[in-house]
Every structure is written in structure tokens, then in C-alpha cells.
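A short write-up of the structure that comes next.
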Amino acid sequence: MPSNMTHLLLLLLTFLSLVSFATTEAQDDPFYLYQFCSSDKTNPNTSFQFNVNNLLSNLSSNPTGNAQFYNTTITGETPSDSIYGLFMCRADVSSQLCQQCVLDATLKLSSECPLSKQAVIWYEECMLWYSTALIFSTMATTPNSTMQNSGHVPNPESFMSLVFSTLNQTADKATIDNKKYFATKEANVFGSQTLYCLVQCTPNLSPHDCRTCLNDAIENISGCCEGRIGGRVLFPSCNVRYELYPFYTIPSSTSTPKLLPETKTSHADSNFSEDPVYLSHNCSNKTFSASNNTFQAYHTTLLSNLASNATSSKKFYKTNVSDSVFGLFLCREDLPSGLCGDCVQNATHQISLKCDRSFHEAIIWYSHCMLRYSYRNFFSKLEISPMFSELNTTNKDKEQNFFTVKLAKTLDQTAIQAGDSDERYGTNSAKLNDLQTLYTLAQCTQDLSTEDCKGCLGIMIGTSIPWSRLGSIGGRVLYPSCNIRFELFQFYRDIDKTTGTPTPENVHLALPCVNVF
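Read left to right, the sequence shown gives residues -26 to -1, 1 to 491 (mature numbering (1 follows the signal peptide of the UniProt record, and there is no 0)).
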């Protein structure tokens, strides 16, 4: 029987995950974070392996109803064959999402840690842990993992002081409720921004052990995440996290409307128009003398080079003239080459008109492309100014809109996808309800590193969207180095991953229902 148990368990868990799909497809998918499989392993086809498989099957069948924490023991014929396990879901996730998360966790551990005597796995929504040691009511801070947002804050000392203060207040709040050991808290930061904090302990700890665990986790924030706009520490017994965007659900007394509010957009920008829509431009406040014919000649040559190189399949191109003037263009990755060329041609013409040839540097944004030039070498540098945004915000802070958590999470995942891709481009979609789907896009200039791309997008999501005052879904934020957009209609073309070309038949057409350098 032990020899077939792993195979049977994998079949069972796969079946359960498929059965549950019908009830969870409108929900978020569990988001995997990290796992640990001990190097201390058992031999295949032993009674211990049978007990581990039995334990995982037991855990996967128990996240039902409102059960968001569960622990159990499989007693072996000898003490060394006994196994202890538990799972904990984040207290604000739905029972359906909790169930799916535990199913995913057990399936992943079954396939990737089949012989380990201890394993722990963390998802955004849950964690699962088993060991040969008695782990119940025992505080554990190892194995562990730390994660940080790539973006940096401008005033790290004062910001981190607020982070530690708010996390400690959240930890105090969590230990008062010794049934859930879960708490969230918000704090104002950067004027219009909000800091979001979350802490949680396994409910089998004492209040003292929970607070001790959270103390250790908060102290670890300084080691992993100093000066970062977001971070988290994951222990088996507790976890802490902070971000500048909402990542958890805040209870609300208001009922959820059937349709989510949508930002109105112009007709030209509401579908996949072949005409690039002008968005904004910025000219530096420094200029060269009108008699500086050399720079003006370089400027003309640069723009000509950029325009001529947008006629091929290039979506990104950078060049310089005599190391004196530097320029680049970036087209949206899903554009056919002809539309990219048209946009860059328009951009080179309009930037000459709007900014003249005497400005030290300038940037212009269209719906299809971005073009910039400068007298200084800005290649491969993360730059967030000047900025342009189109967002529908309310006049004053209001109770958090329930859609912001889903929007922030989807944008965050899209940013990760963009940073990890060679093209520094990513799109994503998420079903919000039976009638509405969220579409997101994130892109960086291709000369940025993976870390800088994620950092640029992280700063944008964390600091340039006033989450507590966001009035509706639909908008965009543009930096020189990266950009994001989100709508309730598909505004980009799907790209055929086998050929790398856009697939226009998948486009859903829909009618619409500064700083200086």
C-alpha cells in the first residue's frame, strides 16, 4: 500500500482541485511564495512516507466552512513514524480561496518534497507545515523566508520608523484577539499615500509566544527590507507584511455593488485604435543658446535616427550622436510594427514642435509609444520623473473601495511578469464579477535590469496611485522608465507566444460607458 500511496494522493488532490475549480474560478488563484523541504529524508515506500501522504490528504480535506486553521497528527507504529501537520489561511480570505490554497499546497509538497521529514510552504493566502517534531503550541522562526519590494522610498529613515511603529501597533492588536491572532492597520504616509500592515500568528500559540514571534519577524524587516516600499517576513509560526498598496480586505459595512465604477475614457483611447493618442509631454527648464548649432544639429540627427529605426520590428531602440545627445523610443510590445513606426514618426515631429531643439531634454508620451532625448546619458538608469497620470480620484479620503485590493494584487503580479520577461512587458486579466473583467499592462524600457524594472513599477504602484482615494477602475501612470495601465476593457492585443506576434482577433472592442527634469 505505501508503494502506491504517493501516486494515489497526487491523483486525489488533482481531482479535488479540478472539482473545486468550478466554485473558485471567479476568485483569485492562490499565489505561491516559497517552500522549504528538509534535507533529512526518508526512504521511498516506507510507513513514514505513507503517513506523510495520509497527513496531506487529511489536511487538504479540512479547509471547509469557516475553518481557516487546522492541525492534526498521524500516529505511526513507532514514534519516529509519527507526523504532525497544520495549515493556516489568512484570516481575510474567503473559505473557497482558503480551500483552493490548501489543496495547491498539499499537491505541491506531495510532488516536490515527497520524502522530506519536514516541509513548509507559503502562499499569499495560506501556509502549510508538517514535521516529525511536535509543532503544535510551539513557536518556530525557522525555516523562514524574507521578501521585499524592489522599489526604494525617498526618505528611508522616517519611512522605516513609521513602518516599525505601525507593525508593532498591529502586533499588539493581533495578540488581543487570541482566537485569530490576526490584525491589519493603516497609517498615512507621504501626504496622500497609505501604509498597509498585516500580521498573523498560528492560533495554537499563547499570546506571549505570538507577540515574541512577531517581535522577531518585525526585527527581521530591518535586515531584509530597509528603505524598501514593501516587505514581508515568513516564519512557520507567524508572518508580517507591509506595502504602500492594499493587499488585504478591509471589512466594510457597505454592500458590494453589482457593477464596479469605471473611469470614462475617450473613444479614441477606448479600443485598439490605429491612431496614436497624444497623452502628454515635458520639456526641461534648461535650454541651449539658439546659437549652439552643434547641439541642434545633433538633435536633428538623433530624431531622424530614431524615426528611421521604428520602421522595422523594433519596439525599443536607443542611440546617441557623438556621445553628446542620447535618445530612445519604446513602443507597446503588442503593437504591429507599422503602428509603432507611425507613433514614433508622430512623436519625433511633435516633440520638435513642442520643445524646440534648444531644450536640454524632453519626453513625449502617446497611447502607443514614448520617446525621449537628453544631453546626458540616461540609458539603463531607473528614472521616475517627470511623471504623467490619468486617474479618477475623489476629493477626500474615503473608506477603501473593495475593488482596490484586487486591482493592486493584479498590478503587482503584472509588474513581476514584466520584470521577469526579456521584453520587460506583461499583461494580465482578472475576473471581478459575472459582468466585468479587469485588464492590466505593465512595461519598462528594455535597457533596465530585472530588478530595476520591478523597482520602477513597484514605486509606481506604491507611491503614484492614491489608493485610499481611487474612485473608479481605469487609468494609467507614466514614468520615463516604466508605465502601467488598467481598464475594464481589453485595450491591448494578445501576443502569440509561439510567434511573438499580436493576435488582433482576440481584441475586445468597447465603447467608453507636472514635475520637471
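The beta carbon of each residue, even a glycine, is placed where N, CA and C say it ideally should be.
Measure the beta-carbon distance from Gly205 to Asn123 and round it to whole angstroms, keeping in mind my assumption that it falls under 8 Å. Here residue 205 refers to the residue found at position 231 when the sequence shown is read from its first residue. Here residue 123 refers to the residue found at position 149 when the sequence shown is read from its first residue. Contact holds; Cβ gap of about 6 Å.
Would you decide whether Asn162 is buried or exposed? Buried here means 16 or more other CB atoms lie within 10 Å of its CB. To locate residue 162, count along the sequence shown from 1; it is residue 188. Exposed: under 16 other Cβ atoms inside 10 Å.
State the Cα-Cα distance for the pair Ala41 and Phe156, rounded to the nearest angstrom. Numbered from 1 along the sequence shown, position 67 holds the residue referred to as residue 41. Numbered from 1 along the sequence shown, position 182 holds the residue referred to as residue 156. So the two alpha carbons sit approximately 14 Å from each other.
Cα-Cα, which of Glu99, Ile325, Thr424 is closest to Tyr252? Here residue 252 refers to the residue found at position 278 of the sequence shown. Looking at the Cα atoms, Ile325 is the closest of the given residues.
Beta-bridge partners of Tyr216, as assigned by DSSP: Within the sequence shown, residue 216 is the residue found at index 242, counting from 1. Its beta-bridge partners are Cys171, Gly205.
Helix, strand or coil: how does DSSP classify residue 551 here? An answer regarding residue 551 cannot be provided, because it is not within the stretch -26 to 491 covered by the chain.
Please list the terminal residues of the continuous alpha helix (DSSP H) segment that includes Tyr272. In the sequence shown, the residue the question calls residue 272 occupies position 298. Residues 267 to 282.
Span separating the alpha-carbon of Asn283 from that of Met344: Locating residue 283 in the sequence shown gives position 309, where the first residue counts as 1. Locating residue 344 in the sequence shown gives position 370, where the first residue counts as 1. Going by the C-alpha atoms only, they are around 14 Å apart.
Take the Cβ of Ala107 as the centre, count every other Cβ of all protein chains shown within 10 Å, and call the residue buried at 16 or more, exposed below. Walking along the sequence shown from the start, residue 107 turns up at place 133. With fewer than 16 Cβ atoms within 10 Å of its Cβ, Ala107 is classed as exposed.
Considering only residues of the same chain and omitting the five flanking positions on each side of Thr275, which have a CB-CB separation below 8 Å? Residue 275 sits at position 301 when you count from the first residue of the sequence shown. Closer than 8 Å at the Cβ level, and outside the excluded window around Thr275, lie Val295.
Distance between Met101 and Arg64 (C-alpha atoms, nearest Å): For this step, residue 64 is matched to residue 90 along the sequence shown. For this step, residue 101 is matched to residue 127 along the sequence shown. The straight-line gap from Cα to Cα measures roughly 8 Å.
Nearest-angstrom Cα distance between Ser446 and Gln410? In the sequence shown, counting from the first residue as 1, residue 446 sits at position 472. In the sequence shown, counting from the first residue as 1, residue 410 sits at position 436. When rounded, the distance between both Cα atoms is 13 Å.
Find out if the Cβ-Cβ distance for the pair Ser111, Asn178 is shorter than 9 Å. Here the question's residue 111 lines up with position 137 in the sequence shown. Here the question's residue 178 lines up with position 204 in the sequence shown. Yes.
What span of residues does the beta strand (DSSP E) with Gln410 cover, start to end? Counted from its first residue, the sequence shown places residue 410 at position 436. Counting along the chain, Gln410 falls outside any beta strand (DSSP E), and DSSP gives it neither H nor E.
Cβ shell of Val379 (< 7 Å), same chain only, five flanking positions each side left out: Against the sequence shown, residue 379 aligns to sequence position 405. These residues qualify, in order along the chain: Pro220, Phe221, Tyr222, Thr223.
Roughly how far, in whole angstroms, is the beta-carbon of Leu7 from the beta-carbon of Tyr104, given that I think they are within contact range, below 8 Å? Taking the first residue of the sequence shown as 1, we reach residue 7 at position 33. Taking the first residue of the sequence shown as 1, we reach residue 104 at position 130. So it is not a contact: roughly 17 Å between Cβ atoms.
Taking 9 Å as the threshold (beta carbon to beta carbon), is Gly204 in contact with chain B? Included in the structure is just one protein chain, with no chain B present.
Inter-stretch contact at 8 Å, needing at least 3 Cβ pairs: the segment 427 to 437 / the segment 449 to 456: yes
Taking 8 Å as the cut-off, does the segment 46 to 63 touch the segment 124 to 133 (at least 3 CB pairs, one atom from each stretch)? no
C-alpha distance - Leu89 paired with Asn17, whole-angstrom precision: Looking up residue 89 in the sequence shown gives position 115. Looking up residue 17 in the sequence shown gives position 43. Taking the CA atoms as reference points, Leu89 sits about 7 Å from Asn17.
By Cβ distance below 6 Å, which residues in the same chain neighbour Asn36 in space, the five residues on each side in sequence not counted? As a working note, residue 36 is residue 62 in the sequence shown. Excluding sequence neighbours, Asn36 sits near Tyr44.
Cβ neighbour criterion (16 or more within 10 Å) applied to Glu217: Counted from its first residue, the sequence shown places residue 217 at position 243. Classification for Glu217: buried.
Spatial neighbours of Glu307 within its chain, please: C-beta separation below 6 Å, excluding the five flanking residues on both sides. Residue numbering aside, residue 307 sits at position 333 when the sequence shown is read from its first letter. Contacts found: Lys289, Glu397, Tyr399.
Quick one: give me the first and last residue of the alpha helix (DSSP H) that Ser180 is part of. Working through the sequence shown from its first residue, we reach residue 180 at position 206. For Ser180, there is no enclosing alpha helix (DSSP H), as DSSP marks it with neither H nor E.
Am I right that Gln319 and Ala281 are in contact with their C-beta atoms under 8 Å? What's the rounded C-beta distance? As a first step, residue 319 is located in the sequence shown; it is residue number 345 there, counting from the start. As a first step, residue 281 is located in the sequence shown; it is residue number 307 there, counting from the start. So it is a contact: roughly 5 Å between Cβ atoms.
Alpha carbon to alpha carbon, how far is Thr158 from Asp66? Along the sequence shown, one-based indexing puts residue 158 at 184. Along the sequence shown, one-based indexing puts residue 66 at 92. Approximately 10 Å between the Cα atoms of the pair.
Using the three-state DSSP reduction, which class does Gly59 fall into: helix, strand or coil? Locating residue 59 in the sequence shown gives position 85, where the first residue counts as 1. The answer is strand: DSSP assigns Gly59 an E or B state.
Whole angstroms is fine: what's the gap from Leu169's alpha carbon to Asp78's? Position 195 of the sequence shown, counting from 1, holds the residue named residue 169. Position 104 of the sequence shown, counting from 1, holds the residue named residue 78. Between Leu169 and Asp78, the C-alpha separation is close to 30 Å.
Helix or strand or just coil, what does DSSP make of Leu385? If you number the sequence shown from 1, residue 385 lands on position 411. Three-state DSSP puts Leu385 in a helix.
Specify, as a first and last residue, the run of the beta strand (DSSP E) that Glu364 falls within. In the sequence shown, counting from the first residue as 1, residue 364 sits at position 390. 362 to 367 is the span of the beta strand (DSSP E), which, as asked, contains Glu364.
If contacts are defined as beta-carbon pairs under 8 Å, then Glu364 and Ser348 qualify, I think. What distance do you get, rounded to the angstrom? For the purposes of this step, residue 364 is taken as the residue at position 390 of the sequence shown. For the purposes of this step, residue 348 is taken as the residue at position 374 of the sequence shown. The pair is not a contact, with the Cβ atoms about 25 Å apart (cut-off 8 Å).
Simplified DSSP assignment, three categories, for Gly449: Numbered from 1 along the sequence shown, position 475 holds the residue referred to as residue 449. Three-state result, Gly449: strand.
Tell me the rounded alpha-carbon separation between Leu415 and Leu385. For the purposes of this step, residue 415 is identified with residue 441 of the sequence shown, where counting begins at 1. For the purposes of this step, residue 385 is identified with residue 411 of the sequence shown, where counting begins at 1. So the alpha carbons of these two residues sit roughly 8 Å apart.
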